[in-house]
Amino acid sequence: MKILIIDDEESMRHMLSVILKKEGYETVSFNDARRAIDALEAEEPDFILCDIRMPGMGGLEFLKALRERGEQRTVIMMSAYGTMDNAIECMKLGAYDYISKPFKTAEIVLTLKKAEEREGLRKENRRLKEEVAKDYDISNIHTSDEKMLEILAMVRKIADYSTSVLITGESGTGKELIARAIHSSGVRSGKPFVVVNCGAIPAALLESELFGHVKGAFTDAHRNKAGLFQEADGGTIFLDEIGELPMELQVKLLRVLQEGELRRVGDNKAVKVDVRIVAATLRDLKEEIKKGSFRDDLYYRLNVIEVKLPPLRSRPGDIPGLASHFIEKYGRRFGKPAKALSGEAAAALMSYNWPGNIRELENVIERAMILEETGTIRTLALPIAQGEARKEFHELSIKKAEEELEKELISRALELTGNNRTKAAQILEISHRALLYKIKSYGL
Ligand SMILES: Nc1ncnc2c1ncn2[C@@H]1O[C@H](COP(=O)(O)OP(=O)(O)OP(=O)(O)O)[C@@H](O)[C@H]1O
Ligand SMILES: [Mg+2]
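Just so you know, we're using my numbering here: the sequence shown kicks off at 5 and counts up by one.
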């Protein structure tokens, strides 16, 4: 790690260089803050140690100048005239820490170690964020399926509007991916994208999580707290598993949608928010409305634009492209070269029916990239059970296929009911007589 020292006192610069070199740091010193700024790009220091009182440009001005240039580097301030005011001012201007002269060797070393640790975390955090952003970038959506391409064109078209969007689709079909793509290809992209899993937060906490609360609203409300809606202000809130939202919160969400304002728990004032709502569900909300567990007025508010994601099995043409996309992704992640797919493995991928859709495909490839030792992924590295392969039809006759399907469903219904034909007929939604006839004619 390289440390840039700025101090007008020669003896101070010398002492710091000696101490820090002994600790294994590389150092470079300046007696003038302005010259240090000019040298920043060439020197590329990891940390800066800067005196506050100096002739010419002082420490506070130095911090301001760094800020104006958008510099994010970690700066630790030093001063012999250590008043609290200076310290606070420094921190406000973005300094990481503050030490008063004279300081002990251990003190400065400890401060630097702490800064190093934070720097490590910051880098890791940035890396993870970039990785997530990359995963969910619209350019990363791989498809050549006509329906999916239409959806992507629609995403681009609606991105700049604040209209609510409802994304439906089976598990793992890319609902969150599309939600993020809507956010990141529109004018809100610089603002927060906040994810709420409506099914994962206990119902009792959900209201305060979403809308916030004021101090004293309930026993544990020790101070005011902004909710996720306020956190997402100016951006997008992604309400995942919206079908799980309890009835009473459906009413409150409807009010936010209608009035553009919300009420924190325990507050009688309304707060304005500007949030785009993108909701997702794998349930059939129309069914939920019939059952009385979802409000139809909320449904129509959310469903201004509906994006229906097709299951992977309905677009097998996308499977090879997605597979190689994931092979590359995990190759990169694991530091391994990309692998080929054997013909047999490719055929297995194509004929499987993917109940877990793209997420399942991704998991299968991730696993194969770990387990497969050769340069080619063979069928054996895929955890797809034989029996789960897509049913093979030997002819394309719909009549014959229907018969097969009927036989299969009747057998299952009989198995399930312990051969109780009356119950089986109910499950199959056919008459008792029709069932008896079919059992006989199929020789079951
Ligand atoms: N068309 C695609 N191209 C590339 N990657 C995709 C595509 N669709 C989905 N993925 C990837 O598949 C994984 C699952 O997608 P996502 O999390 O968006 O699904 P989901 O519908 O929200 O799933 P769940 O219902 O289980 O929450 C993610 O890693 C995503 O990046
Ligand atoms: Mg999801």
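Just so it is clear, CB atoms sit at the ideal spot from N, CA and C, and this is done for glycine as well.
Cβ separation of Arg268 and His217, assumed to be a contact under 8 Å, to the nearest whole Å:
5 Å
Can the beta-carbon of Met82 be found closer than 8 Å to that of Asp50?
Remark: C-beta atoms of Met82 and Asp50 do not approach each other more closely than 8 Å.
Out of curiosity, what's the CA-to-CA distance linking Gly247 and Gly335?
When the Cα atoms are used, Gly247 and Gly335 turn out to be separated by approximately 37 Å.
Tell me whether Pro341 is buried or exposed, calling it buried when 16 or more other Cβ atoms sit within 10 Å of its Cβ.
exposed
So, is Glu392 buried or exposed, given that buried needs 16 or more other C-beta atoms within 10 angstroms?
Residue confidence is low: Glu392 scores 46 on pLDDT, short of 50, so the model does not pin down where it sits. Its coordinate-derived value is still stated next. Exposed is the call here.
Assumed close pair Leu266, Val260 - CB separation to whole angstroms, cut-off 8 Å:
Sure, about 5 Å apart at Cβ, within 8 Å.
Asp322 burial status per 10 Å Cβ neighbour count (16 or more: buried)
Taking all protein chains shown into account, Asp322 has 16 or more neighbouring C-beta atoms within 10 Å of its C-beta and is therefore buried.
Looking only at its chain, what residues have a beta carbon closer than 8 Å to the beta carbon of Arg456, apart from the 5 residues adjacent to it on each side?
The first residue shown for the chain is 5 and the last is 448, placing residue 456 beyond what the model contains.
Quick check on this structure: which residue in Gly447, Leu8, Arg287, Gly270 has the alpha carbon closest to the alpha carbon of Val32?
Selected option, being the one with the closest Cα: Leu8.
Can you list, in chain order, the stretches of the alpha helix (DSSP H) that have 4 or more residues and sit fully within the segment 59 to 123?
63 to 72, 88 to 96
Out of Met251, Glu263, Gly194, Lys276, which one is the CA nearest neighbour of Gly231?
Lys276
Starting from Ala37, trace the alpha helix (DSSP H) in both directions and tell me its first and last residue.
The continuous alpha helix (DSSP H) containing Ala37 extends over residues 37 to 47.
Could you tell me whether any non-hydrogen atom of ligand 2 is closer than 7 Å to the CB of Asp12?
The answer is no for Asp12.
Please report the Cβ distance between Gly60 and Asp36, rounded to the nearest whole angstrom; I am assuming they are in contact, meaning their Cβ atoms lie under 8 Å.
The pair is a contact, with the Cβ atoms about 6 Å apart (cut-off 8 Å).
Relative to the alpha-carbon of Glu370, which residue among Ile402, Ala327, Gly447 has its alpha-carbon at the smallest distance?
Ala327
The beta strand (DSSP E) enclosing Glu265, as first and last residue numbers
265 to 267
Can the beta-carbon of Ile52 be found less than 8 Å from the beta-carbon of Arg71?
no
Tell me whether His329 counts as near ligand 1, meaning its Cβ is closer than 7 Å to at least one heavy atom of that ligand.
yes
So which of Leu20, Val191, Glu65, Gly124 has the shortest CA-CA distance to Ala99?
Glu65
Return the first residue and the last residue of the beta strand (DSSP E) that Ile145 is part of.
Unbroken run through Ile145: none, as it is neither H nor E.
Tell me whether Thr426 sits in a helix, a strand or coil according to DSSP, three-state version.
helix
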